[in-house]
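**Q** Residue numbers (our numbering): 72 to 220.
(1) Quick one, which of 193, 211 and 187 has its alpha-carbon nearest residue 203's?
(2) Under a Cβ-count criterion, where at least 16 other Cβ atoms within 10 Å of its own Cβ denotes burial, should residue 177 be classed as buried or exposed?
(3) If you draw a straight line from the C-alpha of residue 195 to the C-alpha of residue 183, how long is it?
(4) Would you report the Cα separation of residue 125 and residue 166, rounded to the nearest angstrom?
(5) If we count the other Cβ atoms within 10 Å of its Cβ and call it buried at 16 or more, is residue 209 buried or exposed?
(6) Does DSSP put residue 174 in a helix, a strand or coil?
(7) Secondary structure at residue 216, three-state DSSP: helix, strand or coil?
(8) Starting from the C-beta of residue 219, find all residues in its chain whose C-beta is less than 6 Å away, skip the five residues before and the five after it, and write them out in chain order.
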């Protein structure tokens, strides 16, 4: 949950926009124009909030959530699902949530940077928006996904 003292929310997004940002699918029949205003943990989310379910340890919170939308792995959706929640289907709910949170709070994401004091192999693949700090050693064949720190 973002600390409002330090982070300013950029905008609200529709479920369709969130699905595009996070690279995931919606359940057929989902209202893709439904507006989501913020990101919150499962147990604190309300009808205008986005959350995620990625660990069965939080199944009770998932089943009781009041979130308007929730990232979930289709394998974890099962037959029991909280009513009134719009599901965004992804094999990586936490990553999808992080990408969406960056859209809601873009100033919170660090700018792309590669320190001149890092050792980076020319054979490494580094995604856009990564932050590589001083002292980092990235070897041949390493692959770092976009916006990683």
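Note that CB positions come from ideal geometry on N, CA and C, so glycine has one too.
Note that the structure is predicted; figures quoted are calculated from it, not measured.
**A** By the coordinates alone:
(1) Counted from its first residue, the chain shown places residue 203 at position 132. Selected option, being the one with the closest Cα: 187.
(2) Translated into the one-based positions of the chain shown, residue 177 becomes position 106. By the 10 Å Cβ count, residue 177 comes out exposed.
(3) As a first step, residue 195 must be located in the chain shown, where it is residue number 124. As a first step, residue 183 must be located in the chain shown, where it is residue number 112. Spanning the two alpha carbons is a distance of roughly 16 Å.
(4) Translated into positions along the chain shown, residue 125 becomes position 54. Translated into positions along the chain shown, residue 166 becomes position 95. Their backbone Cα atoms lie some 10 Å apart in a straight line.
(5) What you label residue 209 is simply residue 138 of the chain shown in a count that begins at 1. Its Cβ being crowded by 16 or more others within 10 Å, residue 209 is buried.
(6) Translated into the one-based positions of the chain shown, residue 174 becomes position 103. If DSSP states are grouped into helix, strand and coil, residue 174 belongs with the helices.
(7) Numbered from its first residue, the chain shown carries residue 216 at position 145. It is coil, neither helix nor strand.
(8) Within the chain shown, residue 219 is the residue found at index 148, counting from 1. Correct list, in chain order: 201.
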